[in-house]
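Here our numbering = 1-based position in the sequence shown + 343. For glycine and all other residues, C-beta sits at the position ideal for the given N, C-alpha and C. These numbers were taken from a predicted model, which means no experiment stands behind them. Only one structure is covered here, and it is reproduced in the block below.
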Amino acid sequence: MTTAAIAPDPVPERRGVFTAELLDRCISCGFCLPACPTYALTGVETSSPRGRINLMRALETGVLPDDDPTVQEESSFCLGCRACEPVCPAGVQYGELVEEWRDHLWNGRGRPWKVRPLLWAVDSPRRVRAMGIVRRHAGRGEAPGPVNLMLGCFERVLYPRVSRDARKLAGELAAPAAQGCCGALHAHNGELGRGRQLAQRLGEALPGTIVTTSGGCGAHLAGVLGGDRVKELSQWLHARDGAVVGNPTAARPRIGLQDSCHLRHGLGVWREPRELIARVGEYVELPSAAGCCGGAGSYAIVRPQDSARVLDRHLDEIAGADLDLVAVVNAGCYRQLQQGVKRRRLRTRVLHLAELLAGVK
Ligand code: SF4
Ligand code: SF4
């Protein structure tokens, strides 16, 4: 009797959209599902991290084409918040995967049209400088020092007091005005190469240590320049001064915090802002402080309805806790919470951590 040879299944060819080592890590255990805000909204597998990784794999092997509607929809519905990373036993770096996904799908004509003017505005250091010039941010015509404050692009326009207050808290920070955008917005919106290039340029404009007041920018910069060169403000202040507990008998405002997703999940910084807040008020931990507020960089502009649905739970908790203040550590969260609190007519005030600490210094 002869035995027919069984041919092994052919290994599907890869298109090279994703780094193989990153895409292959997922073991489909599903531990990430409860952490995902978009899965919480829909309960549908395809809008979970595991479901999206399966879509990426189908895209990589050509099972699904680039213009598949689900592939397109999910690449944009994902917040890019990285809440799926710390809970993953296989160490999936989902943030990098989603950047590669959008770099492939959103290059050229595939990019949401609402993002295009934003990317254009922050692409040139000259434009970024001009945008902030009338806003009296902390930037001056000074030379870089050993430790430099990053002024941000939209932050210097929307919230110029943040950099001024950061300098009040940390007088050792130089703030040269001649600095551009860090490139995080590009990297998260389908221009990965340009995003890295802008981070490199900023690293050259600000040699030495860079201190940032924005968690999203900090995580992107650290990813390109290395964690040794980049510190977020709460990290910097905490390492310098340690945690000082305030006077528990004085009348102290009730203060909550909205974590920055990338600061917490990307850089692992979450204790520091809490301990700094406890110096000046009664710190109140909101149940979803660690979850994305829906701001998510350009997400609130590209998908305003989903962004508002993600924010709702946070606003319910802020109202329920009857907070005096909510602190933020990222410009996008600042805008998102400020608008939400205003819409609901809550009495709670939203402040950046730098403003909060400088106000009582
Ligand atoms: S937790 Fe990690 S390994 Fe498990 S399904 Fe999610 S991404 Fe994949
Ligand atoms: S990045 Fe956030 S929204 Fe996207 S899959 Fe991970 S947890 Fe869900």
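Contact check for glycine 482 against glutamine 522 passes: the beta carbons are separated by less than 9 Å. Taking 8 Å as the cut-off, one finds no heavy atom of ligand 1 near enough to the beta carbon of tyrosine 382. Three or more Cβ pairs closer than 8 Å define a contact, and the stretch 441-449 falls short of that threshold against the stretch 666-677.
Fully contained in the stretch 461-525 are the following alpha helix (DSSP H) runs of length 4 or more, in chain order: 468-475, 497-501 and 503-512. With a cut-off of 8 Å on Cβ pairs, the stretch 457-464 is not in contact with the stretch 420-432, counting fewer than three such pairs.
Per DSSP, the continuous beta strand (DSSP E) segment holding arginine 692 begins and ends at 692-695.
Secondary structure remark: continuous alpha helix (DSSP H) runs of at least 4 residues inside the stretch 383-427, in chain order: 392-403 and 412-420.
With the rule of 3 Cβ pairs closer than 8 Å, the stretch 539-554 does not count as touching the stretch 496-506.
Excluding its 5 nearest sequence neighbours in each direction, glutamate 615 has C-beta neighbours in its own chain below 7 Å: Ser577, Gln578 and His581, listed in chain order.
The C-beta distance from glycine 634 to alanine 426 rounds to 6 Å, short enough to fall under 8 Å.
Taking C-beta separations shorter than 8 Å and ignoring five residues to either side along the sequence, the partners of alanine 433 in its chain run Arg368, Cys369, Ile370 and Cys372, following chain order. DSSP places isoleucine 553 inside the beta strand (DSSP E), whose first and last residues are 552-555.
Residue state for leucine 689 is assigned as coil, using DSSP reduced to three classes. When secondary structure is reduced to three states using DSSP, glutamate 442 falls in the helix class. Contact check for glycine 675 and alanine 632: beta-carbon distance about 16 Å, past the 8 Å limit, so the pair fails to qualify.
Following the DSSP letters along the chain, one finds valine 653 inside the alpha helix (DSSP H) bounded by residues 647-664.
DSSP lists Ile598 as the bridge partner or partners of tyrosine 626. Taking C-alpha positions only, alanine 527 is separated from proline 455 by approximately 16 Å. Comparing C-alpha distances from isoleucine 644 to each of Arg678, Pro630, Tyr626 and Cys375 shows the shortest one belongs to Arg678. Between the alpha carbons of glycine 484 and alanine 518 lies a distance of about 8 Å. Annotation for arginine 656: Ser631 and Gly634 place their beta carbon closer than 8 Å to its own, counting only its chain and skipping 5 residues before and after.
A distance criterion of 8 Å places the beta-carbon of valine 645 beyond contact range of ligand 2, judged by its closest non-hydrogen atom. When Val684, Ala473 and Gly570 are compared, the shortest CA-CA separation from aspartate 659 is found for Val684. Alanine 633 carries a coil assignment under DSSP once its states are collapsed to helix, strand and coil.
In summary, glycine 702 is exposed, with fewer than 16 beta-carbon neighbours lying within 10 Å of its beta-carbon over all protein chains present. In the three-state reduction of the DSSP assignment, leucine 549 falls in the coil class. Using a Cβ distance threshold of 9 Å, arginine 597 and glycine 637 do not count as a contacting pair. Cβ neighbours of alanine 548 within its own chain (closer than 8 Å, five residues either side excluded): Pro468, Pro487, Pro519, Ala521, Gln522 and Gly523.
In the DSSP assignment, valine 669 forms a beta bridge with Gly599 and Val693. Within a 10 Å sphere around the beta-carbon of glycine 536 sit fewer than 16 other beta-carbons, which makes this residue exposed. A residue is called buried once 16 or more other Cβ atoms fall within 10 Å of its Cβ, and glycine 538 is buried on that count. Distance from the CA of isoleucine 396 to the CA of leucine 666, rounded to the nearest whole angstrom, comes to 38 Å.
Scanning its chain for C-beta atoms nearer than 6 Å, with the 5 sequence neighbours on each side dropped, one finds around leucine 568 the residues Gly546, in chain order.
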